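Chains as they are written, first to last, in this note's numbering: chain A, 1 to 402; chain B, 1 to 402.
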């Protein structure tokens with residue numbers, strides 16, 4: 001917890017925590033975390049995009065590698081836990097191994113990803129994508145708010161855009177990937193549990209929906225002659241909520257609404273809104289989207305309006321490794337009466353790493369489900385439980401390792 | 001119709017019709033309309049705020065006065081008919097009397113109000129308020145977008161702010177007030193009628209409604225743990241529509257919606273919306289508002305949100321003169337198979353003038369119910385019907401006048 005506080009002081013913006021890719025604060029954060037890794041008996045390196053990696057050797061030189069990771073960048077005006085907690089917990093596990101002079105039949109690598117939040121380049125997972133070999137070279141042309149390209153930012157960060165491809169980890173050498181992270185939601189708190197195990201990182205559909213009716217004078221157009229786009233949108237918004245309530249595990253949100261022309265005395269002629277759908281199973285998410293498009297069409301047909309749906313973004317769900325999750329569950333059972341399995345509605349580096357190696361995630365309860373906010377908080381007790389779970393998990397894995 | 005086209009050429013903005021209070025275009029419009037009044041045998045004057053008034057003398061010097069009026073100012077990028085049509089029709093009636101050398105047992109005054117739309121000073125009915133004696137001297141301090149006060153604008157327009165009070169018409173000398181105006185709605189068109197008679201100018205309630213819930217992560221907050229302000233607002237919007245559909249003559253509109261924080265991946269924490277309620281009967285409008293506040297409270301109590309209602313603006317309905325309306329109806333019956341009585345959802349100078357003298361309004365069908373738009377159109381045939389109705393009305397009134 002001291003380390004959480006120390007890292008939280010390293011920021012690009014005085015008075016609040018903001019640490020974006022390639023910034024001076026990220027540089028200092030990498031240096032500080034590297035020093036902790038060294039103290040824990042790890043050899044550190046920084047890869048071509050600036051991910052910090054600490055290596056704790058196994059019994060044999062050619063031992064497979066168990067990866068732990070999370071990200072060291074933050075959103076603007078961030079909390080202290082989202083990202084750093086996973087890195088610090090993993091280092092703490094290694095500290096314990098190092099203190100007891102335990103060498104395992106596998107090596108451990110702890111990764112501090114250089115970019116997960118994507119604040120500076122409106123991107124996602126730049127760090128883990130490089131290690132998973134899924135980095136898109138087109139992204140190098142992205143520019144930040146000051147016009148600095150990602151390629152230049154990588155160079156300024158002592159990285160090398162030309163070596164991004166070769167920075168890819170070889171899946172054959174990997175045992176798996178474990179990420180500890182605050183839940184960023186209220187489910188563990190509601191269930192009165194310190195930690196839980198992630199079943200999958202939900203897939204997501206983001207769509208832009210448009211209802212087109214007919215603007216008109218709010219005073220002179222009788223109700224039966226209206227084609228009010230907002231009333232149609234209101235029906236849709238309630239249908240979205242209703243479907244999600246009926247569908248276990250589905251979350252569906254309309255977060256933005258734009259009403260045209262948007263005057264108090266004019267009947268809305270057009271409404272644009274965003275739809276965000278997430279579920280751990282792609283088929284359920286896709287069926288929900290199809291159903292909602294149908295409902296939207298039905299509403300507009302009945303009201304003599306037009307309906308349009310444009311998919312802006314779609315990501316598939318990433319199912320966590322059953323084997324690693326079961327081993328994590330065994331460790332959780334040592335600490336808690338109940339093992340809760342829950343999906344992650346938010347994205348994580350594990351979604352990217354899961355494509356090259358079995359991945360599992362441990363969620364830690366956070367107060368009021370709050371994240372991306374200075375009040376973000378995981379308790380000392382809960383962090384302790386998570387540390388015990390991870391330590392147990394590593395030792396159990398060592399026992400069953402062939 | 002030629003005169004409609006001529007007036008439409010007089011604008012403050014090249015390429016589109018915009019004529020605001022006290023502008024050079026308003027000055028030129030007054031001069032042109034004054035010349036038409038003179039041709040029709042009228043004596044013209046301009047009052048202290050710049051209303052143009054043409055006087056067609058009655059048989060006796062002390063004859064009472066029948067007023068006709070509408071406004072010569074327009075909204076920005078206006079249509080050609082909203083306002084000018086009523087003035088031009090009234091002058092056309094006087095032309096006919098003058099041509100036939102008819103003198104009536106009452107005088108006729110045709111008023112071209114200098115400000116009804118209130119574009120320049122964000123006001124309403126400045127012109128008719130002066131003549132009705134309801135002008136509020138505080139309004140003289142209002143400033144336009146260039147910082148020019150209304151008092152200075154009146155002086156520049158050859159008016160006199162000090163004489164606004166004495167410009168008030170004496171109700172004892174008045175027989176009544178008649179206004180012809182395009183409907184600005186689709187009711188006459190749907191009923192296939194050229195003209196209709198206004199029963200009342202609807203009263204209006206404008207309120208600002210706020211739903212306060214709790215913002216949250218769209219991916220990590222399960223449906224049953226949400227306090228989504230937008231879903232509550234959607235219920236309310238449909239309740240508004242439903243109540244108005246069930247209540248004869250009520251029009252209710254939510255025209256503006258603001259969602260906070262307004263991001264596609266954040267559950268809405270607060271929604272602000274506008275409510276516009278209008279009905280020809282104040283009691284029905286007030287009961288509807290009370291009912292909607294109750295529904296809003298019920299929705300938010302059930303959803304554990306907060307509801308707030310702030311009345312921004314309220315105007316009482318003005319009922320048209322039964323006697324004058326019946327006489328107008330007799331004249332309409334000469335021209336059309338059916339006499340349609342309908343309320344006006346939009347405000348008109350008749351609402352102000354109705355406070356000092358019996359007032360009646362004749363609505364003229366407009367294409368697609370469209371107004372405040374360059375495509376605003378009343379057909380030549382319909383304008384002809386309106387002119388015949390007004391001519392008949394004047395002659396009938398002369399016959400029954402004691």
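Cβ coordinates follow ideal geometry from the N, Cα and C atoms, glycine included. None of these values were measured; they are calculated from a predicted model.
Out of A:336, A:297 and A:340, which has the shortest C-alpha to C-alpha gap to residue 381 (chain A)?
Here the question's residue 381 (chain A) lines up with position 381 in the first chain. Nearest option by C-alpha distance: A:336.
Whole angstroms are fine: how far does the CA of residue 269 (chain A) sit from the CA of residue 301 (chain A)?
Indexing the first chain from 1 puts residue 301 (chain A) at position 301. Indexing the first chain from 1 puts residue 269 (chain A) at position 269. Answer to the nearest angstrom: the Cα atoms are 16 angstroms apart.
Could you pull out every residue in the same chain whose Cβ sits closer than 7 angstroms to the Cβ of residue 237 (chain B), ignoring the five residues on either side in sequence?
Counting from 1 along the second chain, the entry for residue 237 (chain B) is found at position 237. Only 254 meet the Cβ criterion.
What residue range does the beta strand (DSSP E) around residue 272 (chain A) cover?
Counting from one through the first chain, the residue named residue 272 (chain A) turns up at place 272. Segment 270-279, the beta strand (DSSP E) holding residue 272 (chain A).
Alpha carbon to alpha carbon, what distance is there between residue 152 (chain A) and residue 17 (chain A)?
Taking the first chain and counting its residues from 1, one reaches residue 17 (chain A) at position 17. Taking the first chain and counting its residues from 1, one reaches residue 152 (chain A) at position 152. Approximately 24 angstroms between the Cα atoms of the pair.
Can you name, in chain order, every residue of its own chain whose Cβ lies under 6 angstroms from the Cβ of residue 324 (chain B), other than the five neighbours on each side?
As a working note, residue 324 (chain B) is residue 324 in the second chain. Here the set comprises 176, 358 and 360.
Quick one: grab the DSSP three-state call for residue 400 (chain B).
Counted from its first residue, the second chain places residue 400 (chain B) at position 400. Three-state result, residue 400 (chain B): helix.
Please confirm whether residue 268 (chain A) has its beta-carbon closer than 8 angstroms to some beta-carbon of chain D.
No chain D appears in the structure shown, which is made up of the protein chains A and B.
Are the segment 325-344 of chain B and the segment 146-163 of chain B in contact at 8 angstroms, needing three or more beta carbon pairs?
No, the segment 325-344 of chain B is not in contact with the segment 146-163 of chain B.
Cutting at 6 angstroms between CB atoms, please list the residues of its own chain near residue 234 (chain B), excluding the five before and the five after it.
Working through the second chain from its first residue, we reach residue 234 (chain B) at position 234. The answer is none, since no qualifying residue turns up.
Return no unless some Cβ of chain B is closer than 8 angstroms to the Cβ of residue 89 (chain A).
Here residue 89 (chain A) refers to the residue found at position 89 of the first chain. Cβ-Cβ to chain B under 8 angstroms: no for residue 89 (chain A).
Beta carbons nearer than 8 angstroms to chain B: which residues of the segment 348-367 of chain A have them?
So the list is empty, because no residue satisfies the distance condition.
With residue 43 (chain B) as the anchor, note down where its alpha helix (DSSP H) starts and where it stops.
Start at 1 with the first residue of the second chain, and residue 43 (chain B) comes out as number 43. No alpha helix (DSSP H) contains residue 43 (chain B), which is instead part of the beta strand (DSSP E) from 43-46.
What residue does the alpha helix (DSSP H) around residue 344 (chain A) start on, and which one ends it?
Position 344 of the first chain holds residue 344 (chain A). Premise fails: residue 344 (chain A) lies in the beta strand (DSSP E), 341-344, not in any alpha helix (DSSP H).
Identify the contact partners of residue 184 (chain A) in chain B, using a Cβ-Cβ distance below 7 angstroms as the criterion.
For this step, residue 184 (chain A) is matched to residue 184 along the first chain. Simply 217 and 220.
Closest Cβ-Cβ distance between residue 231 (chain B) and chain A: below 8 angstroms?
As a working mapping, residue 231 (chain B) is identified with position 231 in the second chain. Yes, residue 231 (chain B) lies at the interface with chain A (some Cβ there is under 8 angstroms from its Cβ).
For a contact meaning CB atoms closer than 8 angstroms, what does residue 197 (chain B) contact in chain A?
Position 197 of the second chain, counted from the first residue, corresponds to residue 197 (chain B). Simply none; closest approach about 15 angstroms.
Name, please, each residue of chain B whose Cβ falls closer than 8 angstroms to the Cβ of residue 1 (chain A).
Your numbering for residue 1 (chain A) matches position 1 in the first chain. By Cβ distance, chain B contributes nothing, its closest Cβ being about 23 angstroms from residue 1 (chain A), past 8 angstroms.
Which runs of the beta strand (DSSP E) spanning at least 3 residues fall entirely within the segment 91-146 of chain A, listed in chain order?
Runs found: 107-113.
By alpha-carbon positions, which one of B:366, B:181, B:69 and B:158 ends up nearest to residue 132 (chain B)?
Residue numbering aside, residue 132 (chain B) sits at position 132 when the second chain is read from its first letter. If we check each option's Cα against that of residue 132 (chain B), B:69 comes out closest.
At what residues does the alpha helix (DSSP H) containing residue 353 (chain B) begin and finish?
As a first step, residue 353 (chain B) must be located in the second chain, where it is residue number 353. That run of the alpha helix (DSSP H) goes 349-353.
Under 8 angstroms, Cβ to Cβ, is there at least one residue of chain A near residue 274 (chain B)?
The residue you call residue 274 (chain B) lines up with position 274 of the second chain. Closer than 8 angstroms: yes.
For residue 254 (chain A), name the three-state secondary structure that DSSP assigns.
Your numbering for residue 254 (chain A) matches position 254 in the first chain. In this structure, residue 254 (chain A) counts as coil in the three-state DSSP scheme.
If we cut at 8 angstroms on Cβ distances, does residue 237 (chain A) have a partner in chain B?
Against the first chain, residue 237 (chain A) aligns to sequence position 237. Closer than 8 angstroms to some Cβ of chain B, the Cβ of residue 237 (chain A) qualifies, so yes.
Please list the partners that residue 253 (chain A) has in chain B, where partner means a Cβ-to-Cβ separation under 7 angstroms.
Looking up residue 253 (chain A) in the first chain gives position 253. Result: 218 and 267.
Who pairs with residue 65 (chain B) in a beta bridge, going by DSSP?
Position 65 of the second chain, counted from the first residue, corresponds to residue 65 (chain B). According to DSSP, residue 65 (chain B) bridges with B:107 and B:174.
In three-state DSSP terms, what is residue 360 (chain A)?
Looking up residue 360 (chain A) in the first chain gives position 360. The answer is strand: DSSP assigns residue 360 (chain A) an E or B state.
CB-CB under 6 angstroms to residue 143 (chain A), same chain, minus the five flanking residues each way: which ones, in chain order?
Taking the first residue of the first chain as position 1, residue 143 (chain A) is located at position 143. 149.
Would residue 340 (chain A) pass as a contact of residue 203 (chain A) if the rule is Cβ separation under 8 angstroms?
For the purposes of this step, residue 340 (chain A) is taken as the residue at position 340 of the first chain. For the purposes of this step, residue 203 (chain A) is taken as the residue at position 203 of the first chain. No, Cβ-Cβ distance for residue 340 (chain A) and residue 203 (chain A) is not below 8 angstroms.
Whole angstroms are fine: how far does the CA of residue 59 (chain B) sit from the CA of residue 396 (chain B)?
Counted from its first residue, the second chain places residue 396 (chain B) at position 396. Counted from its first residue, the second chain places residue 59 (chain B) at position 59. Cα to Cα, the separation comes out at about 16 angstroms.
Given residue 354 (chain B), which residues of its chain have a CB within under 6 angstroms of its CB, disregarding the five upstream and five downstream residues?
As a first step, residue 354 (chain B) must be located in the second chain, where it is residue number 354. So the list reads 318, once near-sequence residues are dropped.
Less than 8 angstroms between the C-beta atoms of residue 251 (chain A) and residue 345 (chain A), yes or no?
As a working note, residue 251 (chain A) is residue 251 in the first chain. As a working note, residue 345 (chain A) is residue 345 in the first chain. Yes; because the gap between Cβ atoms is below 8 angstroms, this pair is in contact.
For residue 366 (chain B), does the count of other Cβ atoms within 10 angstroms reach 16, so buried, or fall short, so exposed?
Along the second chain, one-based indexing puts residue 366 (chain B) at 366. Flag for residue 366 (chain B) reads buried.
In the DSSP assignment, what residue or residues form a beta bridge with residue 307 (chain A)?
For this step, residue 307 (chain A) is matched to residue 307 along the first chain. Residue 307 (chain A) pairs with A:211.
What residue does the alpha helix (DSSP H) around residue 154 (chain A) start on, and which one ends it?
Position 154 of the first chain, counted from the first residue, corresponds to residue 154 (chain A). Where residue 154 (chain A) is concerned, the enclosing alpha helix (DSSP H) stretches over 150-156.
Please list, in chain order, all residues of the same chain as residue 53 (chain B) whose beta carbon is under 6 angstroms from its beta carbon, the five residues on each side excluded.
Stepping through the second chain from its first residue, residue 53 (chain B) is reached at position 53. The residues are 45, 109 and 111.
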